[in-house]
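Below is one structure, written out as structure tokens; comments come after it.
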Amino acid sequence: MAVLKSRRDVLIGSAALAAAGTLIMIGTDVQADETEDPTKDMSLTFDENFAMLDPAIWYAGAKPSTSDTGFYGRSAFSRINGEDGYNPYAIIDDPSTENGKALQMSVRHLGRKMNVPNYYGNDNPEYQWVSGNIQTAKPDGTILQGWREGYFEARMWFPAHFLTFPAFWLMNGRSILHPQTTVELDIVEQKGSESDLYGAYLHEWGQPNEHHQGVGVPTDVDITKGYFRYGLLVKDAKFRLYFERKPVIDPKTLEPVNWTIGRAAEMQSNNDVYWPILTLALRADVPYPTQLDPNDYEAHMRVDYVRVYT
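Reading the sequence shown from the start, the letters are residues -32 to -1, 1 to 278 in mature numbering (1 follows the signal peptide of the UniProt record, and there is no 0).
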């Protein structure tokens, strides 16, 4: 597959992977894995059900990084109190969630000059959008919540919009101040125009031993019509994907996707951990319309919960 130079430069998603013939399936034929519970012998150690957006847990804004601005795509990631008069974060009532509440993360086209610090698109009409990005880490390298291994899961409802690019992903703690050590685990990246498909990726950025893997995952269900669970089991150096608690099966091997994280030993020796990120970005890899349809000025993603089992 093609290797990303950065999220800002190129947003590789499920369509490119489908065209390249690297689609994966949700397991239905592997009996041993079909009944496997990824949380077996684990305890629930982090249970964020978004009764509120707690700044003691979540840092909102550009992704913490010393290698770039932390922005990518066509929208500016808002701080917790909003940008330029618009706040994309809201806790809403939702009877479809486990506790009747959800985090609604939105994106809106402002269509005027913006003043978001360090954002490259403030003066570009195509990039004058504000959206959400939250993570359990800060730009100074502080990790608010992090885990070396476990089962990471989010229950999410994605928008159907031709530009939206939502994601649930993990980064390692040392990546903030030492980007050459970066390990990026993309549990789900979804293009709003592809309602039954998403991408998942492993990126180890920087030399030596830069390493990338990725797959497109057909879901056989419209994931813009409701909530679904997206999960990742990390154990030692192993990386295994789940959709709706079922393992994602590689058609080449007819076994669950089971990638190897090359920098796992380095992470272990540095007591490094993974921190989760929830993002609603906008794609920059498709033509921008001459005129936006009024229905496309805003879109919403919902998150029921984020859970970690260890």
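For every residue, glycine included, the Cβ atom is placed at its ideal position computed from N, Cα and C.
Given a length threshold of 4 residues, the stretch 44 to 117 has no whole run of the alpha helix (DSSP H) inside it.
Relative to V202, the option among E66, V276 and A105 whose CA is nearest is V276.
Residue environment for V98: buried (at least 16 other C-beta atoms within 10 angstroms of its C-beta).
In the three-state scheme derived from DSSP, where H, G and I count as helix and E and B as strand, Q175 is classed as coil. Less than 8 angstroms divides the Cβ of N67 from the Cβ of N17. Remark: fewer than three beta-carbon pairs, one from each stretch, lie closer than 8 angstroms, so the stretch 25 to 37 and the stretch 156 to 169 are not flagged as touching. Judged by their CB atoms, E157 and R231 are not nearer to each other than the 8 angstroms cut-off.
For M235, the enclosing alpha helix (DSSP H) begins and ends at A232 to S237.
The beta carbon of G160 lies closer than 8 angstroms to those of F126, P127, A128, H129, F130, L131, T132, F133, P134, T192 and A267 in the same chain, with the five residues before and after it left out.
Annotation: the continuous beta strand (DSSP E) that includes K206 extends over K206 to F211. Fewer than three Cβ pairs drawn from the stretch 254 to 270 and the stretch 136 to 151 lie within less than 8 angstroms of each other, which leaves the two stretches out of contact. Straight-line spacing of the CA atoms in A24 and L112 works out to 7 angstroms. Between the C-alpha atoms of K206 and W115 there is a straight-line separation of about 15 angstroms. For A267, the enclosing beta strand (DSSP E) has its first and last residue at E266 to Y277. If the five residues before and after I102 are omitted, its C-beta is found closer than 6 angstroms to the C-beta atoms of W26, A28 and L246, all from its own chain and listed in chain order. Per the coordinates, the alpha-carbon of A252 lies some 13 angstroms from the alpha-carbon of P93. DSSP places L260 outside any beta strand (DSSP E), giving it a letter other than H or E.
Residue burial annotation: K8 is exposed, with fewer than 16 other C-beta atoms found within 10 angstroms of its C-beta.
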